[in-house]
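Remarks on the structure that follows.
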């Protein structure tokens, strides 16, 4: 065991290998690979000692397995400081190294009985069901110890291979002493079926590491099955549904063969334990502890695994052992994907515990939230408001945001002009907000475009470049004509700002992404810049009832009378009356109304364009 752990530690000590890769391939891990990741076996469900607040030995936070909690200090305190780097303490077994190794060192749990991985059983499609050609419902009955499956019918003619047997049916067959047949139950049964199906050939390495299976060389069983399915497919007979199922099965088998994946690896014998700093336990102000849900789920697995191992050692009755195996299967299911099957495991407050799948998947998961959704330097976000005074290629950037985004450029100018001697003094100058700082900021942003992005970015016009203009307040100002491309409105929408740093990025922003260079939709060629509010504003201005429009002193021509609308329009064109002056004029029906020239213009424009429609004779008076 000591030799094994030392070899594994040597393999994983050089972390520079994680910086040298071209691609990442995700595949099913073999038991040997899981053991290769591991730095030791977790055998106890304890986390920390609540009196000393130090991790328990062989527990979920064990320093011997996962590394020291303090930099360059072993568990017992015999070795301290960096000069003892790499030494493994002979008293406590802890390697003297940095505490950050607890973020990547893994452990393992040796399961007392094989357990089926729920992703491959209950996924869509169920890969285990597809591969074995056994219905999912039957597989579940076997794995959760409700029914037996016939592995070899032997001399019993009433049963066939892969047939399901209830407890009563099995008892009836077992009574016959001459009956020679083989049945199995649980994940063990599925493992035997998969091994028989694949017939894997392993090349065993030299025995210095462990007794686990060596490198997988070939899967002749799967290759034979793939050829058989190809022959079936070439036979034109058979329904479309049957052909589709054969194609799915063949594709899965070909992928397993190409990636050298033994299907029996879908049945877990060794369970990996993720590093403790990825499932932390922290002390709160009141002395209580807050812990990751994963620790509770791992604790359930370890407790049930230890109990099962004890029952097997004692030679407990089969029915008790079988029940404990089922409980272990359910505990591992909850750890991998809580709630996928059966009852959801909840904490003390009734809240469902977050399993490994919950941590990985979804919008708040590890990929979308933490890896793809990382916070970006030289970026900010704020609410957008309308800025009609801006040019179309400009955006209003709040001073507070601009000084933060362009801080490195401002610092550079301050040092270049010898206003400040170093970065520290330049930062202090910026914090004071002196006049010279704002002058330099104005100079820096000249010709330096920024990118504006509105989520969700559904097409390329969701990100556009603008020339920043410093504005007061804390809101980003946007020209109304570019709103259509962003699908933005001013009811509380937020936008993100990004600063292109390199000269190449700035040139690309100016040449390709500038808003004035994107006035046509790339999909259809239609213009994105369409004035919509201008018409509304124009109609409002045309028909507005101004204060003092009846007073000739305020409004030129107010109170005058005209024979017809045409006379009123001629008077307006000759400067006799104002657009909003209240006048008296005769309509087409001979009736006199009080109106304005603006309303006459709107009225006649509508009439001229809708002359063939049943338009009401009512006037905009």
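Numbering (the working numbering), first residue to last: 454 to 1074. Every residue gets a Cβ at the ideal spot worked out from N, C-alpha and C, and that includes glycine.
| Asked | Found |
| --- | --- |
| Tell me residue 834's beta-bridge partners as DSSP assigns them. | 949 |
| I'd like the span of the alpha helix (DSSP H) that includes residue 702, first residue to last. | 693-711 |
| Under the three-state reduction of DSSP, which class applies to residue 673: helix, strand or coil? | helix |
| Roughly how many angstroms separate the alpha carbons of residue 1020 and residue 995, rounded to a whole number? | 18 Å |
| Considering just the uninterrupted stretch of the beta strand (DSSP E) at residue 613, what are its terminal residues? | Here residue 613 belongs to no beta strand (DSSP E), and DSSP marks it neither H nor E. |
| Do you know offhand how far residue 609's Cα is from residue 600's? | 18 Å |
| Whose CA, out of 964, 530, 745 and 516, lies closest to the CA of residue 554? | 516 |
| Classify residue 816 as helix, strand or coil using the three-state DSSP reduction. | coil |
| To which residues does DSSP link residue 655 through a beta bridge? | 669 |
| Quick one: residues in its chain with C-beta nearer than 7 Å to the C-beta of residue 606, no 5 flanking neighbours on either side, listed in chain order? | 612, 613, 614 and 634 |
| Looking only at DSSP bridge pairs, what is residue 494 linked to? | 561 |
| Pairing CB atoms from the stretch 799-811 with CB atoms from the stretch 745-753, are three or more of them under 8 Å? | yes |
| Near residue 964, which residues of its chain fall below 8 Å by C-beta distance, leaving aside the five closest residues on each side in sequence? | 970 |
| Can you tell me which of 950, 645 and 869 puts its alpha carbon nearest to the alpha carbon of residue 603? | 645 |
| Identify whether residue 473 lies in helix, strand or coil by the three-state DSSP scheme. | coil |
| My parser needs the alpha helix (DSSP H) runs of 4 or more residues fully inside the stretch 859-885; what are they? | 860-869 and 876-885 |
| State the Cα-Cα distance for the pair residue 1031 and residue 833, rounded to the nearest angstrom. | 49 Å |
| Can you check whether the CB of residue 894 is closer than 7 Å to the CB of residue 863? | yes |
| Taking 7 Å as the threshold (C-beta atoms), are residue 906 and residue 916 in contact? | yes |
| Check for me: the beta strand (DSSP E) holding residue 847 runs from which residue to which? | 847-851 |
| Please determine, among 728, 755, 1015 and 677, the residue with the shortest C-alpha to C-alpha distance to residue 1046. | 1015 |
| Counting only the same chain and skipping the five closest in sequence on each side, list residues whose C-beta sits under 7 Å from that of residue 660. | Per-residue confidence for residue 660 stands at a pLDDT of 44, beneath the threshold of 50, marking its modelled position as unreliable; the derived number appears in the next sentence. Excluding residues within five positions, none has a Cβ falling inside 7 Å. |
| How long is the line joining the alpha carbons of residue 874 and residue 942, rounded to whole angstroms? | 46 Å |
| Should the stretch 1052-1060 be regarded as contacting the stretch 987-1004, the criterion being three or more beta carbon pairs within less than 8 Å? | yes |
| Which residues mark the beginning and the end of the alpha helix (DSSP H) in which residue 751 is found? | 746-767 |
| Report yes if the C-beta distance between residue 921 and residue 843 is below 7 Å; otherwise report no. | no |
| Nearest to residue 1040 by alpha carbon, out of 1027, 1025, 1033 and 1056? | 1056 |
| Considering only C-alpha positions, which residue in the set 759, 914 and 1003 is nearest to residue 975? | 914 |
| Give me, in chain order, the residues of the same chain whose beta-carbon lies closer than 7 Å to that of residue 1033; leave out the 5 immediate sequence neighbours on both sides. | 997, 999, 1002, 1008, 1049 and 1051 |
| Under three-state DSSP, which class holds residue 1057? | helix |
| If I measure Cβ to Cβ from residue 664 and keep anything under 8 Å in the same chain, skipping five residues before and after, which residues do I get? | Confidence at residue 664 is low in this model, with a pLDDT of 45, below 50, so the placement of that residue should be treated as unreliable; the coordinate-derived value is given next. Nothing meets the Cβ criterion. |
| Which residues does DSSP pair with residue 735 in a beta bridge? | 743 |
| Taking DSSP as the reference, what is the three-state secondary structure of residue 662? | For residue 662, the pLDDT reaches just 41, beneath the cut-off of 50, and the residue's location in the model is therefore unreliable, although a value from the coordinates is still provided. In this structure, residue 662 counts as coil in the three-state DSSP scheme. |
| Note down, one range per segment and in chain order, each alpha helix (DSSP H) of at least 4 residues found wholly within the stretch 538-606. | 571-575, 580-585 and 589-596 |
| Could you tell me the distance, in whole angstroms, from the CA atom of residue 700 to the CA atom of residue 710? | 15 Å |
| In chain order, what residues of the same chain have a beta carbon less than 7 Å from the beta carbon of residue 527, not counting five sequence neighbours either side? | 521, 542, 545, 547 and 549 |
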